[in-house]
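This note's numbering numbers the first residue of the sequence shown as 181 and each following residue consecutively.
A short worksheet on the structure shown next.
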Amino acid sequence: METGRFAPTPSGRLHLGNIFCALLAWASVKSQGGRILLRIEDLDLERSPRAIADQLESDLQWLGLTFDEGGSSGGPHQPYYQSERFELYEGIFHQVAKAAEIYPCFCSRASLHAASAPHFSDGRVLYPGTCYGLPPEAVQERKKHRLPACRVHVPDKTISFTDGIQGDVSAYLPRDCGDFVIRRADGIFAYQLAVVVDDGLMGVNQVVRGRDLLESTPIQIWLFETLGVPVPEFYHIPLLLDPKGNRLSKRDAALDLSALRGRFLPEDIIGLLAFLAGQIPKWEKITLTELAGMFQWEKVPKDDVFLPESIYG
Ligand code: GLU
Numbered sequence: 181m182e183t184g185r186f187a188p189t190p191s192g193r194l195h196l197g198n199i200f201c202a203l204l205a206w207a208s209v210k211s212q213g214g215r216i217l218l219r220i221e222d223l224d225l226e227r228s229p230r231a232i233a234d235q236l237e238s239d240l241q242w243l244g245l246t247f248d249e250g251g252s253s254g255g256p257h258q259p260y261y262q263s264e265r266f267e268l269y270e271g272i273f274h275q276v277a278k279a280a281e282i283y284p285c286f287c288s289r290a291s292l293h294a295a296s297a298p299h300f301s302d303g304r305v306l307y308p309g310t311c312y313g314l315p316p317e318a319v320q321e322r323k324k325h326r327l328p329a330c331r332v333h334v335p336d337k338t339i340s341f342t343d344g345i346q347g348d349v350s351a352y353l354p355r356d357c358g359d360f361v362i363r364r365a366d367g368i369f370a371y372q373l374a375v376v377v378d379d380g381l382m383g384v385n386q387v388v389r390g391r392d393l394l395e396s397t398p399i400q401i402w403l404f405e406t407l408g409v410p411v412p413e414f415y416h417i418p419l420l421l422d423p424k425g426n427r428l429s430k431r432d433a434a435l436d437l438s439a440l441r442g443r444f445l446p447e448d449i450i451g452l453l454a455f456l457a458g459q460i461p462k463w464e465k466i467t468l469t470e471l472a473g474m475f476q477w478e479k480v481p482k483d484d485v486f487l488p489e490s491i492y493g
């Protein structure tokens, strides 16, 4: 059975871009008679407190988006809060450490940024390998001054896959992804590990998410393969742009759900997003059931889509 998920990081109020992702993930599995779960990606509880996660669930409820399992309702794969799954990550971390090379890294974000230009869309740089192969004495010496993060040394390998929207993708891990952090210096496991562990354990076989995460996918596929877990299908959806062509940001308060709930009905928002996803010819009210009945991936555009001015009220 198709099993999808919506996996938001609750670091602010849900905005239109998050809802676009939730809606397409939901409509895709529902149009195929599948299941969808809600996973709260609150690895960093300081930035993602439970109150924001609760607000997020209440916004999803207002939209009428219901989940077969997950969130505060729980289910067969609970807990669905990543902050409560550390022991699972710890176990799999040791499994990865047996299968791959993991090394301590003392580099600060600032020093990496000072040395190289950003390579990834979230501003990260491609890791230049500074701490790879440090002799044990040097590691001991540095540990006196700074706790290290753990990085995985990626193998000399090319990962190829076909994305349901973006088409054929091929990445040579050392050049396109680089050695990646699997555990932060403060002990928190990185997104790359947690997402693979959870999608694997929760039986997710369809991943729908923003195009900005496409660059993480080769690493995740490599982790799935290393752990011997089946690789899901991927659909990296276009991003929403404001009428000037800027990516939506969490700071754009006019487009978060607290503002939108005051101006629109759920069917208006679902209709707008269904229109932007190429499912209906113009922006008009539509229900979730109607959307699930007509949903087709072939109609979803590959390029980013512009929001109409009228959304701002
Ligand atoms: N938690 C991530 C986010 O909110 C999404 C992760 C994923 O879908 O793989 O950006």
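C-beta: ideal position from N, C-alpha, C; glycine also.
DSSP links Cys285 through a beta bridge to Ala329. Sixteen is the threshold: when 16 or more other Cβ atoms of the shown chains lie within 10 Å of the Cβ of Gly250, as they do, the residue is buried. Going by beta carbons, Leu292 and Val305 fall inside the 8 angstroms limit. Note on geometry: alpha-carbon atoms of Tyr283 and Val332 lie some 7 angstroms from one another.
If you ignore the 5 residues before and after Leu421, its C-beta comes within less than 8 angstroms of the C-beta of Arg427, Leu428, Asp484, Val485, Phe486, Leu487, all in its own chain and listed in chain order. As for any alpha helix (DSSP H) of minimum length 4 sitting wholly inside the stretch 356-427, the runs are 371-381, 397-407, ordered along the chain. Per the coordinates, the alpha-carbon of Gly309 lies some 43 angstroms from the alpha-carbon of Asp239. A heavy atom of ligand 1 is found nearer than 7 angstroms to the CB of Ala187.
Taken through DSSP and simplified to helix, strand or coil, Asp234 comes out as helix. Taking the Cα of Val349 as reference, the smallest distance to any Cα among Ala329, Tyr312, Leu394 is reached at Leu394. Straight across, the Cα-Cα distance linking Asn198 with Gln258 is about 23 angstroms. Closest in C-alpha terms to Phe286, from the list Ala329, Ala294, Ile272, Ser296, comes Ala329. Two segments are said to touch when three or more pairs of C-beta atoms, one from each, lie closer than 8 angstroms; by this definition the stretch 406-415 touches the stretch 373-387. Of the heavy atoms belonging to ligand 1, at least one sits nearer than 7 angstroms to the Cβ of Val387. DSSP lists Thr183 as the beta-bridge partner residues of Arg215. Under the criterion of beta carbons closer than 8 angstroms, Gln262 and Asp222 qualify as touching, at roughly 6 angstroms.
Judged by the Cβ position, Leu393 qualifies as a neighbour of ligand 1 at the 7 angstroms threshold, a heavy atom of the ligand being closer than this.
Between Leu353 and Pro398, the CB-CB gap stays under 8 angstroms. The beta-carbon separation of Leu468 and Leu245, rounded to 7 angstroms, stays under the 8 angstroms limit for a contact.
The C-alpha of Leu327 is placed about 52 angstroms away from the C-alpha of Ile466. Bounds of the beta strand (DSSP E) holding Asp343 are 338-343. In terms of CA proximity to Ala433, Leu194 leads the group Arg185, Ile272, Leu194. Excluding sequence positions up to five before and after Ala370, its CB lies within less than 6 angstroms of the CB of Val361, Ile362, all in the same chain and listed in chain order. With fewer than 16 other CB atoms across the displayed protein chains lying within 10 angstroms of its CB, Thr338 is exposed. When the five nearest sequence neighbours on each side are left out, the beta carbons in the same chain lying within less than 7 angstroms of the beta carbon of Gly380 are those of Phe404, Leu407, Val409, in order along the chain. When the alpha-carbon of Met181 is set against those of Asp448, Pro446, Met382, the nearest one is in Met382.
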